[in-house]
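Scroll down for the structure; my scribbles are underneath it.
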Amino acid sequence: MNALKKLLGIVWMLLGPVIIIFLFMQAMDKIAAAAEGIARTNTTLQWFIIILIFIPICAGLVIFGYYAWKGEYDHLPESSSEL
Amino acid sequence: MRSDNPNVTQSITQVIAASSLGTLIEWYDFYIFGSLAVIIGQQLFPSDAGASALINTLAIFAAGFIVRPFGALVFGRLGDLIGRKYTFLLTLVLMGGSTFLIGLIPSYSSIGYAAPILVLILRLVQGLALGGEYGGAATYVAEHAPVGRRGFFTSWIQTTATLGLFLSLGVIVLTKNLLGAKAFADWGWRIPFLVSILLVGVSIYIRMKMHESPVFTKLKAEGKVSSNPLKESFQKKANFKMVLLALFGATMGQGVVWYTGQFYAQSFLENTCKLDFNESRYILLWAIFFATPFFVLFGSWSDKVGRKWIMLTGMLLGVICYRPIYQYFIDATNVREMEKTSLASTSAPVEERSLAPNGTDSLMTTTVTKTLTNGMTFKEAQTVTLSAEPEVVTPESTIKDVTLSGSAYVIVILLVFFQVLLVTMVYGPIAAFLVELFPTQIRYTSMSLPYHIGNGVFGGLVPFIATLVASFSGSTPLSGLWYPIGIAALSFVIGAVYIDNRVDNSVMD
């Protein structure tokens with residue numbers, strides 16, 4: 006199980022930037038579609054807010070992945086004295 | 003029943019009642035905004051804003067969720083420094099005051115864009131207050147609860163969010179039925195906001211009589227209160243890694259399941275399926291009414307079998323079932339297809355003229371009520387623009403106020419009930435799970451942040467992001483569901499691999 010935790014840690018580290026790139030590409034695509042009159046609603050502000058919110062969360066996912074890869078979750082603390 | 007702590011003179015029942023009432027009112031305050039999103043959108047934005055008015059209103063609604071983590075940091079720190087009791091008294095006052103003021107804001111037609119800006123500011127105060135409230139109430143109850151029953155006792159606090167939603171829907175439906183649809187849309191929507199000040203007054207009176215948490219009192223007497231809870235929570239790796247685990251392995255998935263089942267379901271039925279205003283709310287009211295006891299059931303069960311697998315099963319069932327459930331909603335309300343083969347009667351047309359948004363043309367709306375052989379009814383409205391300039395205008399036909407027949411109505415209630423049941427699985431045990439994860443000195447701060455990022459950001463954005471995704475060109479009405487499904491699936495995997503199923507017997511450390 007600990008090997009799986011570490012292996013998945015790499016996945017989480019990669020997933021953080023992948024999500025941000027995906028969101029950024031989606032934002033560019035939808036905003037351009039609105040500018041060309043293809044999309045019904047202009048969503049520039051909405052996308053700005055979404056990306057702004059998810060950047061720190063994805064950074065947290067990368068840190069989580071790093072901790073998992075380093076084995077920090079191999080043993081979870083059983084009392085507050087271990088924290 | 004009394005707490006195990008000898009210093010406690012209040013019964014656990016009093017503690018739960020006083021904590022739950024205040025938290026319930028805070029949820030009520032927070033949710034009336036979402037339940038009235040369509041009407042508020044019409045009041046705050048220009049009348050020709052159309053779909054963007056709803057999206058912007060949902061964005062203001064979502065803004066309240068987004069700031070919840072900041073409220074968790076500000077008030078969580080305060081709660082770990084000065085105590086649980088006074089902190090969540092303060093949050094109650096802020097919440098009640100801002101809700102009352104939203105009910106007094108003039109509409110766009112009176113003060114222009116100042117209206118949505120003022121509402122946004124008050125919505126942010128609401129979000130900050132709620133960010134401080136929940137963690138305090140959950141911590142307060144958990145620190146009074148006897149060993150081995152923490153899941154059961156904290157589950158009462160967990161019912162308050164759903165009951166707050168239930169209360170908000172009930173007050174809205176009651177007000178609308180008493181005033182009539184037009185008066186409610188014009189000014190009656192303000193009443194549910196104004197009523198809040200009375201509820202908050204009662205709750206403040208009750209909370210003033212409560213004692214401080216015995217665990218915090220003991221900590222304070224021993225001089226062990228944290229001097230900098232924020233630093234200890236997030237700069238100390240051993241604790242910060244648990245904050246991240248709580249967020250990605252539990253609260254993130256729990257948040258999207260909560261808001262899909264109890265918010266997106268109603269929004270989808272009303273805006274996508276064009277269900278009648280009252281009917282969509284009655285469906286949710288019945289579903290919540292029957293499902294709420296399961297919060298206590300799953301909370302109590304988690305004391306025996308552990309918290310982890312109950313929560314994760316709720317997430318997994320959501321991932322598997324959401325698309326078939328929402329596909330049924332679409333099929334059951336597809337009146338355009340149904341009328342081709344089973345139209346029973348059409349009422350006489352009712353014509354109404356109004357001024358077009360451009361101020362020069364006029365609109366003529368012709369509405370007919372159609373009844374199908376299965377008992378379903380709906381209204382079909384055709385709007386023609388009568389332009390000053392002679393031009394050919396194609397009439398726009400819209401469906402609204404769909405009401406379901408007997409069997410479809412029951413099935414839709416059962417499907418929403420099932421979604422709320424998943425909410426009780428993920429949400430019933432989570433307060434006990436979070437409380438047990440962190441030590442007393444920094445508990446308020448540490449548990450509040452992952453809870454409010456999970457619920458406020460991931461969960462609170464469900465209606466907004468799902469509606470946004472569904473509005474893209476080429477998307478289907480079900481496209482919006484990929485957001486909650488993806489987040490719940492990710493949280494399930496992280497929770498299954500990394501979270502421990504152990505129940506911590508002591509929260510005194």
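Residue numbers (my numbering), protein chains in the order written: chain A, 6 to 88; chain B, 3 to 511.
The beta carbon of each residue, even a glycine, is placed where N, CA and C say it ideally should be.
- request: Leaving aside the five residues before and after residue 347 of chain B along the sequence, list all residues of the same chain whose C-beta is less than 6 Å from its C-beta, in chain order.
  value: Locating residue 347 of chain B in the second sequence gives position 345, counting from the first residue. Counting only Cβ-Cβ distances below 6 Å, and skipping sequence neighbours, we find 373.
- prompt: Whose C-alpha, out of B/59, B/125, B/283, B/462, is nearest the C-alpha of residue 261 of chain B?
  reply: As a position in the second sequence, residue 261 of chain B is number 259, starting the count at 1. Looking at the Cα atoms, B/462 is the closest of the given residues.
Where the alpha helix (DSSP H) through residue 141 of chain B begins and ends: Your numbering for residue 141 of chain B matches position 139 in the second sequence. From DSSP, the alpha helix (DSSP H) with residue 141 of chain B extends over 116-144.
field: residue 116 of chain B versus B/45, B/457, B/85, B/61, residue with shortest Cα-Cα distance
entry: Sequence index remark: in the second sequence, residue 116 of chain B carries index 114 (1-based). Answer by Cα proximity: B/45.
Continuous alpha helix (DSSP H) assignments of at least 4 residues falling wholly in the segment 266-345 of chain B: 279-293, 295-307, 310-334, 337-344
task: Could you check if residue 189 of chain B is buried or exposed, using at least 16 other CB atoms within 10 Å of its CB as the buried criterion?
output: Here residue 189 of chain B corresponds to residue number 187 of the second sequence, with the count starting at 1. So residue 189 of chain B counts as exposed.
field: Counterpart residues of residue 354 of chain B in DSSP-defined beta bridges
entry: One-based indexing of the second sequence puts residue 354 of chain B at position 352. Per DSSP, B/367.
- request: With a threshold of 16 other CB atoms inside 10 Å of the CB of residue 121 of chain B, please say whether the residue is buried or exposed.
  value: For the purposes of this step, residue 121 of chain B is identified with residue 119 of the second sequence, where counting begins at 1. So residue 121 of chain B ends up on the buried side.
query: Who are the near neighbours of residue 173 of chain B in its chain, counting only those whose CB is closer than 6 Å to its CB and skipping five residues on each side?
result: Along the second sequence, one-based indexing puts residue 173 of chain B at 171. 194, listed in sequence order.
- prompt: Can you tell me the Cα-Cα spacing of residue 199 of chain B and residue 102 of chain B, whole angstroms?
  reply: Working through the second sequence from its first residue, we reach residue 199 of chain B at position 197. Working through the second sequence from its first residue, we reach residue 102 of chain B at position 100. Distance between the alpha carbons of residue 199 of chain B and residue 102 of chain B: 6 Å.
message: Does residue 4 of chain B come out as helix, strand or coil in the three-state DSSP assignment?
response: Here residue 4 of chain B refers to the residue found at position 2 when the second sequence is read from its first residue. Confidence in residue 4 of chain B is poor, its pLDDT being 44 and thus under 50, which makes the residue's placement unreliable; the coordinate value appears in the next sentence. The answer is strand: DSSP assigns residue 4 of chain B an E or B state.
- prompt: Which same chain residues, not among the five before or five after residue 315 of chain B, have their C-beta less than 7 Å away from its C-beta?
  reply: Position 313 of the second sequence, counted from the first residue, corresponds to residue 315 of chain B. Sequence-distant partners of residue 315 of chain B (beyond 5 residues in either direction) whose C-beta falls short of 7 Å from its own C-beta, in its chain, are 427.
message: With the cut-off set at 8 Å, would you say residue 447 of chain B and residue 231 of chain B are in Cβ contact?
response: Within the second sequence, numbered from 1, the residue matching residue 447 of chain B stands at position 445. Within the second sequence, numbered from 1, the residue matching residue 231 of chain B stands at position 229. Yes.
message: Using C-beta distances below 6 Å, list every residue in its chain close to residue 445 of chain B, excluding the 5 sequence neighbours before and after it, in chain order.
response: Translated into the one-based positions of the second sequence, residue 445 of chain B becomes position 443. Same-chain partners within the cutoff: 141.
Residue 403 of chain B: first and last residue of the uninterrupted beta strand (DSSP E) it sits in: By 1-based counting over the second sequence, the position of residue 403 of chain B is 401. Segment 398-405, the beta strand (DSSP E) holding residue 403 of chain B.
- prompt: Rounded to whole angstroms, how far is the Cβ of residue 139 of chain B from the Cβ of residue 21 of chain B, which I believe are closer than 8 Å?
  reply: Within the second sequence, the letter at position 137 stands for residue 139 of chain B. Within the second sequence, the letter at position 19 stands for residue 21 of chain B. Contact check for residue 139 of chain B and residue 21 of chain B: beta-carbon distance about 5 Å, within the 8 Å limit, so the pair qualifies.
- prompt: Between residue 270 of chain B and residue 328 of chain B, which are expected to be in contact by the criterion C-beta below 8 Å, what is the C-beta distance as a whole number of angstroms?
  reply: The count along the second sequence starts at 1 and reaches residue 270 of chain B at position 268. The count along the second sequence starts at 1 and reaches residue 328 of chain B at position 326. 6 Å between Cβ atoms; contact.
message: By the three-class DSSP mapping on this structure, what secondary structure does residue 259 of chain B have?
response: As a working mapping, residue 259 of chain B is identified with position 257 in the second sequence. Residue 259 of chain B falls in the helix class under three-state DSSP.
query: Using the rule of at least 16 other Cβ atoms within 10 Å of the residue's Cβ for burial, across every protein chain shown, is residue 478 of chain B buried or exposed?
result: Position 476 of the second sequence, counted from the start, is the residue given in the question as residue 478 of chain B. It counts as exposed.
- request: Pull up the distance between the alpha-carbon of residue 8 of chain B and that of residue 53 of chain A, whole angstroms please.
  value: Position 6 of the second sequence, counted from the start, is the residue given in the question as residue 8 of chain B. Position 48 of the first sequence, counted from the start, is the residue given in the question as residue 53 of chain A. At residue 8 of chain B, the pLDDT of 44 sits below 50, so the modelled position is not reliable; the number obtained from the coordinates is stated separately. In a straight line, the C-alpha of residue 8 of chain B is about 53 Å away from that of residue 53 of chain A.
- prompt: Between residue 14 of chain B and residue 255 of chain B, is the Cβ-Cβ spacing less than 8 Å?
  reply: Position 12 of the second sequence, counting from 1, holds the residue named residue 14 of chain B. Position 253 of the second sequence, counting from 1, holds the residue named residue 255 of chain B. No, the Cβ-Cβ distance between residue 14 of chain B and residue 255 of chain B is not below 8 Å.
query: Quick one, which of B/84, B/82, B/283 has its alpha-carbon nearest residue 171 of chain B's?
result: Your numbering for residue 171 of chain B matches position 169 in the second sequence. Out of B/84, B/82, B/283, B/283 has the C-alpha closest to the C-alpha of residue 171 of chain B.
task: Tell me where the alpha helix (DSSP H) around residue 102 of chain B begins and ends.
output: Taking the first residue of the second sequence as position 1, residue 102 of chain B is located at position 100. Where residue 102 of chain B is concerned, the enclosing alpha helix (DSSP H) stretches over 86-104.
task: Taking residue 41 of chain A as the query, report the chain B residues whose CB atoms sit under 9 Å from its CB, ordered along the chain.
output: Within the first sequence, the letter at position 36 stands for residue 41 of chain A. In chain order: nothing, as chain B lies at least about 10 Å away.
Within 8 Å of chain B by C-beta, residues of the segment 56-87 of chain A in sequence order: Per Cβ criterion, the list reads 58, 62, 65, 66, 68, 69, 72, 73, 77, 78, 81, 82, 83, 84, 85, 86, 87.
task: Report the three-state DSSP secondary structure of residue 147 of chain B (helix, strand or coil).
output: The residue labelled residue 147 of chain B in the question sits at position 145 within the second sequence. Looking at residue 147 of chain B - three-state DSSP - the assignment turns out to be coil, as it is neither helix nor strand.
message: Using CA atoms only, rank isn't needed, just tell me which of B/132, B/42, B/186 is closest to residue 118 of chain B.
response: Residue mapping note: residue 118 of chain B aligns to position 116 of the second sequence, counting from 1. Of the listed residues, the one whose Cα sits closest to residue 118 of chain B is B/42.
- prompt: Tell me, which residues are paired with residue 348 of chain B by DSSP?
  reply: One-based indexing of the second sequence puts residue 348 of chain B at position 346. DSSP output for residue 348 of chain B lists B/372 as bridge partner(s).
field: Cβ-Cβ distance between residue 453 of chain B and residue 467 of chain B below 8 Å
entry: Residue numbering aside, residue 453 of chain B sits at position 451 when the second sequence is read from its first letter. Residue numbering aside, residue 467 of chain B sits at position 465 when the second sequence is read from its first letter. No, these two residues do not count as a Cβ contact at 8 Å.
query: Using the C-alpha atoms, what's the distance from residue 134 of chain B back to residue 90 of chain B?
result: For the purposes of this step, residue 90 of chain B is identified with residue 88 of the second sequence, where counting begins at 1. For the purposes of this step, residue 134 of chain B is identified with residue 132 of the second sequence, where counting begins at 1. So the alpha carbons of these two residues sit roughly 7 Å apart.
message: So that I know if they touch, is there some Cβ in chain A lying closer than 8 Å to that of residue 240 of chain B?
response: Taking the second sequence and counting its residues from 1, the one referred to as residue 240 of chain B is at position 238. At least one chain A Cβ lies under 8 Å of residue 240 of chain B.
task: Please check if any C-beta of chain A sits within less than 8 Å of the C-beta of residue 497 of chain B.
output: Against the second sequence, residue 497 of chain B aligns to sequence position 495. No, residue 497 of chain B does not count as interfacial toward chain A.
message: Using the Cβ count rule (16 or more neighbours within 10 Å means buried), how would you classify residue 6 of chain B?
response: As a position in the second sequence, residue 6 of chain B is number 4, starting the count at 1. In this prediction, residue 6 of chain B scores a pLDDT of 45, lower than 50, which makes its location untrustworthy; the coordinate-derived value is nonetheless stated afterwards. Answer is exposed; the Cβ neighbour count stays below 16.
query: Should residue 57 of chain A be labelled buried (16 or more other beta-carbon atoms within 10 Å of its own) or exposed?
result: Translated into the one-based positions of the first sequence, residue 57 of chain A becomes position 52. Classification for residue 57 of chain A: exposed.
task: Decide if the segment 69-82 of chain A is in contact with the segment 12-22 of chain A; the criterion is three or more beta carbon pairs, one per stretch, under 8 Å apart.
output: yes
message: Let me confirm a value: residue 237 of chain B is counted as buried when at least 16 other C-beta atoms fall within 10 Å, else exposed. Which label applies?
response: To locate residue 237 of chain B, count along the second sequence from 1; it is residue 235. So residue 237 of chain B ends up on the exposed side.
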